[in-house]
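Working notes for the structure below.
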Amino acid sequence: MQAVQFQLDRTDIRKSRFVDIELPHNLDEGEILLSIDRFALTANNISYAATGDVIGYWKFFPVAEPWGLVPVWGFANVLASNHPQIKVGERIYGFLPFASHVIFQPGKVKPNSFVDTTAHRVDLPPIYNDYLRVQKAALPPAAEDIQMLFQPLFATSFLLHDFFEDNDRFGAKNVILGSASSKTAMGVARLFAQSGGNKPNIIGLTSAGNKDFVQKIGDCDQVYSYDELGQIPKQKSVYIDMAGNAQVKRALHEHLGDALVYSCAVGISHWDKFEDPGPMPGAKPIFFFAPDQALKRRKEWGGAALQSKIGTALQDWASTDMDWLKITHGSGKTDAKRMFAEIMAGQVSPNTGYVLSLKS
């Protein structure tokens, strides 16, 4: 049996290839073989690829250099098992490779979860090594789509909001969201909008073409296009940058100066415009690594409590305010290549979500 993988050139992520990998006839003791059913494709996957070497996303599913295997979030079924606690036919949700199959070595097996303890993943951030066993709480396909598309992004939204609230928003009046039409930014805006009497002023920064969409969602108090950046009030502000666009970042820092008290990068949706902007006025930009805040809360609250809080908040959003979302399904190599290229080129409408299966 063969698995197919969609690999990117780590030196130029615009280059890709499909590779057929021969699967072993027999699993080692404790291993399971997963058939990857469906997964979401979002700008998050572009960020994984663009920061694959810097942050280490290529390490989760290593292949021969210079190629890399992009991680995705999705559902898989256990096709074969040599593990006493995991049965053939079980359905799994979590961090998967952009491929048709993968072999895991489950450990810390619980009724609803396990951890992949494959040797090369032991020292990687634990939030990515946890998997849900969803057989007993199976979701309808439409709900699975929402989970794949939003749970990873909303987890980052939740952790960002939690981090800033944990630090009293660094005393800022304004929270400025770069690439405000991204699903992660939308999640952050929604959480801040629900802050009650302590709510900050939420400013969305987006492209001219997406400005109306962000305004209609309604969670930002003001929305500016990138060329209107100079109209943002010069008040004490924090900046959460989902885009990674160096020119926009520099322009905002120069406009706000010392009024910009905290600046962090989260994603690189504008991956082709990402570069070191050099010294700038205001707070020195840092990269926000969500697993660090997750680790802090796992220690304080416990992993189950953290996941419960994230899940409850996402369910609240999904059940009340996602009429705008249009989900497009694809299958096979042709759709995979097209969808990934469209996301990379920024050609996907913010109200659209892509769900893919490599099965033809």
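Note that the working numbering gives residue 708 to position 161 of the sequence shown, counting from 1, and the numbers run on in steps of one.
For glycine and all other residues, C-beta sits at the position ideal for the given N, C-alpha and C.
Because the structure is a prediction, the values reported are computed rather than measured.
Check	Outcome
Decide if the region 874-883 is in contact with the region 894-907; the criterion is three or more beta carbon pairs, one per stretch, under 8 Å apart.	yes
Our contact map puts Arg737 next to Asp766 with C-beta atoms below 8 Å; I'd like the distance itself, whole angstroms only.	5 Å
Can you list, in chain order, the residues of its chain whose CB lies under 6 Å from that of Asp768, leaving out five sequence neighbours each side?	Asn748 and Ile749
Between the alpha carbons of Gln782 and Asn721, how many angstroms are there, rounded?	7 Å
First and last residue of the alpha helix (DSSP H) that includes Ala841?	Ala837 to Trp848
On a Cα-Cα basis, can you pick out the residue from Ser784, Lys763, Ala755 and Ile764 that is closest to Tyr771?	Ala755
Which residue or residues does DSSP assign as beta-bridge partners of Ile890?	BP columns for Ile890 are empty, so no partner.
Sort out for me which residues DSSP pairs Cys811 with in a bridge.	Ile787 and Ile833
Which class does Ser878 belong to by DSSP, given the choice of helix, strand or coil?	strand
Taking only three categories from DSSP, how would you classify His572?	coil
From Ser726, Pro644 and Ile693, pick the residue whose C-alpha is nearest to that of Ala590; which is it?	Ser726
Could you round the C-beta distance between Thr731 and Met789 to whole angstroms and report it? I think they count as a contact, below 8 Å.	6 Å
Whose C-beta lies closer than 8 Å to the C-beta of Asp882 among residues of the same chain, with five residues either side of it excluded?	Leu903
Looking at the structure shown, is His630 part of a helix, part of a strand, or coil, going by DSSP?	coil
Thinking Glu569 and Asn629 are a contact (beta carbons under 8 Å), I'd like their distance in whole angstroms, please.	Incorrect: roughly 18 Å between the Cβ atoms, too far for contact.
Just to confirm the assignment, what range does the alpha helix (DSSP H) spanning Leu799 have?	Ala793 to Leu803
Once the 5 residues before and after Val761 are set aside, which same chain residues still bring their CB inside 7 Å of it?	Ala727, Ser728, Gly751, Thr753, Cys767 and Val770
Compute the distance between the beta-carbons of Ala597 and Val619, then report whether it is under 8 Å.	no
Could you say which of Asp692, Gln549, Val649 and Lys856 lies nearest to Asp709 if we only look at CA atoms?	Lys856
Could you give the C-beta distance for Asn676 and Val662, rounded to a whole number, given that I count them as a contact under 8 Å?	5 Å
Identify, in the order they occur along the chain, each residue of the same chain with its Cβ nearer than 6 Å to the Cβ of Trp871, setting aside the five sequence neighbours on each side.	Asn898
Could you give the first and the last residue of the continuous alpha helix (DSSP H) run that contains Asp692?	Pro688 to Asp713
Go ahead and pull the three-state DSSP assignment for Asp670.	coil
Taking only the alpha-carbon atoms, compute the straight-line gap between Ser810 and Gln549 and give it to the nearest angstrom.	46 Å
Could you check where the alpha helix (DSSP H) with Leu738 kicks off and where it finishes?	Lys730 to Ala740
Work out the CA separation of Ala740 and Phe701 for me, nearest whole Å.	15 Å
Start and end of the alpha helix (DSSP H) containing Tyr595?	Ala590 to Ala597
Which of the three DSSP states, helix, strand or coil, is assigned to Gln554?	strand
Checking the sheet assignment: what are the DSSP bridge partners for Phe661?	Tyr678
Taking just the CA atoms, how far does Ala666 sit from Asn631?	Per the sequence shown, residue 631 should be read as Pro rather than Asn. For Pro631 and Ala666, the distance between alpha carbons rounds to 19 Å.
Taking DSSP's pairing of strands, which residues face Phe586 in a bridge?	Gly621 and Leu903
Taking just the CA atoms, how far does Asn714 sit from Leu853?	18 Å
In three-state DSSP terms, what is Ser754?	coil
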